[in-house]
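Note that the UniProt record's numbering gives residue 97 to position 97 of the sequence shown, counting from 1, and the numbers run on in steps of one.
Cβ coordinates follow ideal geometry from the N, Cα and C atoms, glycine included.
Here the structure is a predicted model, which is why all the values come from computation and not from measurement.
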Amino acid sequence: MRSTIRKGDLVEVITGEDKGRQGKVLAVDARKGKVLIEGINMVKRHERPRGSSKPGGIIDKPAYIDRSNVMLICPKCSRRSRASWVRRGDKRIRVCKKCGGELGS
Ligand SMILES: [Zn+2]
Numbered sequence: 001m002r003s004t005i006r007k008g009d010l011v012e013v014i015t016g017e018d019k020g021r022q023g024k025v026l027a028v029d030a031r032k033g034k035v036l037i038e039g040i041n042m043v044k045r046h047e048r049p050r051g052s053s054k055p056g057g058i059i060d061k062p063a064y065i066d067r068s069n070v071m072l073i074c075p076k077c078s079r080r081s082r083a084s085w086v087r088r089g090d091k092r093i094r095v096c097k098k099c100g101g102e103l104g105s
């Protein structure tokens with residue numbers, strides 16, 4: 001089963017501390033059912049210095065959250081929606097369940 005959320009999608013957090021916030025999907029872990037979203041679920045990480053350009057210290061980084069905690073923002077209708085995979089000829093594409101717009105593969 002392929003994830004209906006893909007890297008680069010805009011999503012909205014629907015539960016937890018970041019509820020109502022939107023961000024771009026940076027990475028999807030389909031096996032674990034988790035997504036990494038820009039600016040969401042920020043955690044402090046201690047980084048070791050790596051040369052003069054990266055001095056280290058405490059930095060904020062997004063951490064993976066459960067895929068079920070977010071909903072896709074459809075780029076066609078701008079509503080919170082879900083996508084489903086449909087077959088078009090010999091290709092599978094994603095479509096928005098609300099407006100039917102094609103969201104690419
Ligand atoms: Zn839509």
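Given the structure, does residue i come close to ligand 1, in the sense that its CB is under 7 Å from one of the ligand's heavy atoms?
i	result
residue 81	yes
residue 104	no
residue 98	yes
residue 16	no
residue 76	yes
residue 101	yes
Closest to residue i by C-alpha separation, out of the options, would be which residue?
i	options	result
residue 16	4, 60 and 67	67
residue 96	44, 88, 82 and 87	82
residue 77	100, 90 and 51	100
residue 88	98, 102, 75 and 80	102
residue 60	30, 2, 46 and 92	46
residue 34	43, 80 and 3	3
residue 30	51, 91, 19 and 5	5
residue 20	52, 105, 48 and 69	69
Short of 6 Å in beta carbon distance, which residues of its chain neighbour residue i, apart from the five on each side in sequence? Order them along the chain.
i	result
residue 65	41
residue 23	37, 38, 39 and 40
residue 63	41 and 43
Apart from the five residues just before and just after residue i, which ones in its own chain have a Cβ nearer than 8 Å to its Cβ?
i	result
residue 7	25, 26, 27 and 28
residue 50	56
Does any C-beta atom of chain B lie closer than 8 Å to the C-beta of residue i?
i	result
residue 33	Protein chains in the displayed structure number just one, and chain B is not present.
contact_flag[the stretch 10-20, the stretch 43-61] where n(CB pairs < 8 Å) is 3 or more: no
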